[in-house]
DNA sequence: CCTCTGTCAAGAGCAGTGCTCTCTTATGAG
DNA sequence: CTCATAAGAGAGCACTGCTCTTGACAGAGG
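Protein chains in written order, with the numbering used here: chain E, 22 to 245; chain A, 22 to 245.
Next up, the structure:
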């Protein structure tokens with residue numbers, strides 16, 4: 022009963038906070054949120070015990086939104102089209118980031134100063150990369166992604182441990198290449214969102230497309 | 022005379038602000054800086070007309086410090102060792118970032134909300150990548166880096182324009198690979214600094230070394 | 001039907017912030 | 001030695017996160 026009203030109130034606060042995020046960034050103001058909501062500032066603390074808790078909620082929402090976007094994009098591609106599934110993931114990440122730059126900054130930018138991410142975030146944070154893991158896992162199972170890159174033992178162990186979680190049957194050579202690709206993907210998106218590409222790149226879109234296609238080839242995912 | 026005292030004061034303010042940066046991040050407090058300096062808060066405005074100007078100064082300092090670190094590391098490697106020069110650059114970036122995580126966050130993390138980087142920053146910001154450009158330029162001049170990667174026309178133009186600035190004689194195929202490497206480098210460092218690798222990677226150092234060596238091979242820079 | 005309890009909003013208040021303004025001091029150039 | 005100028009001090013404005021107390025209201029138990 023009243024729990025439903027409470028949930029609606031929480032959603033409303035988060036929606037306004039998200040809007041605030043666009044103009045104020047991570048240091049949004051509880052009082053301004055309260056003002057927009059027609060509520061006195063202290064009332065917000067009935068729903069979020071502190072500003073950090075509001076931020077945590079926004080961060081969790083952002084991770085799940087990104088995960089949903091990636092999952093939807095990848096799920097819409099025919100299972101056998103591994104390159105297509107890979108590209109769908111890449112574009113989903115970039116498109117979501119471009120559409121929600123401040124939420125992207127919240128989760129992939131500088132950590133909020135006093136803020137420490139609670140442990141609940143790690144599960145939801147790894148969803149996107151797990152989906153990529155599924156793609157290379159499927160590709161490896163039908164015999165693709167056979168690389169004999171030689172890794173130093175300590176690196177091999179490190180990569181193997183990651184592989185056990187997201188793609189157990191992928192050889193570590195291909196896994197290491199996939200990791201590099203993941204890093205390049207987020208390097209590109211972060212540079213683009215954070216303005217590091219200004220005055221240097223005019224059309225990031227086609228450049229991104231090309232870089233990711235090159236990475237698909239490098240990993241060994243066939244492009245139709 | 023008077024100007025020297027003023028310069029010393031500015032340096033002192035920046036030094037204390039940098040220290041503050043470590044604990045408070047980008048939303049450091051002018052009043053706290055003033056307190057640490059034994060000065061009343063309004064006196065700071067004699068030296069920096071606003072908090073953003075202080076941040077700009079810190080950002081410029083950070084870019085030049087990173088540029089210096091990269092230049093020193095790259096300059097210490099024998100000219101003919103292209104792979105070594107490349108790896109020196111990569112490690113210089115990562116080492117500097119690990120040693121100065123908050124300054125790294127200032128320049129490569131989320132942009133400060135109300136803050137807009139003045140045009141002076143772009144020149145100093147491109148120093149590091151320009152040094153990498155010099156390495157592949159030298160390598161290309163002796164006949165390395167011959168790739169026939171085919172790029173879509175609009176991407177080719179984009180990459181060529183970047184190449185004209187940092188490495189005019191490098192074919193765009195290799196240039197595009199270098200760009201991807203640069204993105205991966207900063208993707209790695211950002212993930213490591215911003216905690217995205219926590220609970221996933223135990224020894225980032227060796228993993229970084231391996232990834233960058235793989236990229237050197239991918240670009241075509243010979244490793245001794 | 002009444003009372004009692006738990007939830008919510010409101011308001012005041014504390015300590016802190018960036019920034020502006022005015023006043024006072026002292027220092028170095030002429 | 002004079003005096004314009006630079007620099008610090010202090011008060012004040014509007015804002016922030018957060019706490020505490022007070023008052024209103026709804027629903028459950030007797």
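C-beta atoms are modelled at their ideal positions from N, C-alpha and C, and glycine is treated no differently.
- The C-beta distance from residue 101(E) to residue 149(E) rounds to 22 Å, too long to meet the 8 Å contact threshold.
- Neighbourhood of residue 222(A) in chain E, by CB distance below 8 Å: 179, 183, in chain order.
- Listed by position along chain E, the residues whose Cβ is nearer than 7 Å to that of residue 143(A) are 220.
- Taking CB atoms only, residue 112(A) has no neighbour in chain E less than 8 Å away.
- Taking 8 Å as the cut-off, the beta carbon of residue 211(E) is found closer than this to the beta carbon of residue 211(A).
- Within chain A, the residues 173, 175, 176, 179 have their CB atoms less than 8 Å from the CB of residue 227(E), given in chain order.
- Taking 8 Å as the cut-off, the beta carbon of residue 95(A) is found no closer than this to the beta carbon of residue 224(E).
- Each of 161(E), 170(E), 41(E) was checked against the Cα of residue 238(A), and the nearest Cα belongs to 170(E).
- Around residue 215(E), the beta-carbon contacts reaching into chain A at under 8 Å are 129, 130, 131, 132.
- DSSP places residue 140(E) in the coil class of the three-state scheme, outside both helix and strand.
- Contact between residue 209(E) and residue 129(E) fails: their C-beta atoms lie close to 12 Å from each other, not under 8 Å.
- Of 55(E), 50(E), 153(E), the smallest CA-CA separation from residue 189(E) is found for 153(E).
- Residue range 103-120 is occupied by the alpha helix (DSSP H) that includes residue 109(E).
- Just so you know, the alpha carbons of residue 168(E) and residue 91(E) end up roughly 27 Å apart.
- Considering only beta carbons, the part of the stretch 27-49 of chain E lying closer than 8 Å to chain A consists of 44, 45, 46, 47, 48, in chain order.
- Interface criterion not met: the Cβ of residue 245(A) is under 8 Å from no Cβ in chain E.
- Collapsing the DSSP output to three states places residue 217(A) in coil.
- Residues of the same chain with a CB within less than 6 Å of the CB of residue 214(E), apart from the 5 flanking positions on each side, are 118, 122, 125 in chain order.
- Note on geometry: alpha-carbon atoms of residue 74(A) and residue 99(E) lie some 52 Å from one another.
- Within chain E, the residues placing a beta-carbon under 7 Å from that of residue 204(A) are 205, 208, 209, 212, ordered along the chain.
- Cβ atoms of residue 146(E) and residue 84(E) come within 8 Å of each other, at about 5 Å.
- In this structure, the beta-carbon distance from residue 244(E) to residue 155(E) does not fall below 8 Å.
- Runs of the alpha helix (DSSP H) lying entirely within the stretch 162-238 of chain A and spanning at least 4 residues, in chain order: 174-187, 193-214.
- Shown here for residue 54(A): same chain residues with a beta carbon closer than 7 Å to its own, the five before and five after excluded, namely 34, 37, 38, 41, 65 in chain order.
- Apart from sequence neighbours up to five positions away, the residues of its chain that approach residue 43(E) with a beta-carbon distance below 7 Å are 123, ordered along the chain.
- Secondary structure note for residue 80(A): its alpha helix (DSSP H) is the uninterrupted segment 72-96.
- With respect to the 8 Å criterion, residue 235(A) and residue 201(E) are classified as neighbours on the basis of their beta carbons.
- Taking all protein chains shown into account, residue 63(E) has fewer than 16 neighbouring C-beta atoms within 10 Å of its C-beta and is therefore exposed.
- Within the same chain, and ignoring the five residues on either side of residue 199(A) in sequence, the residues whose Cβ sits closer than 6 Å to its Cβ are 157, 240.
- Residue 125(A) sits in a helix when the DSSP states are folded into three classes.
- Taking a Cβ-Cβ threshold of 8 Å, the residues of chain E close to residue 197(A) are 231, 232, 235, in chain order.
- Classified as buried, residue 187(E) has 16 or more neighbouring CB atoms from the shown chains inside 10 Å of its CB.
- If you check the CB distance, residue 193(E) and residue 172(E) come in under 8 Å.
- According to the DSSP assignment, residue 133(E) belongs to no alpha helix (DSSP H), since it is labelled neither H nor E.
- Across the set 106(A), 144(A), 218(A), 69(A), the C-alpha of 144(A) shows the shortest separation from the C-alpha of residue 220(E).
- Boundaries for residue 242(A): no alpha helix (DSSP H) harbours it, and the DSSP string shows neither H nor E there.
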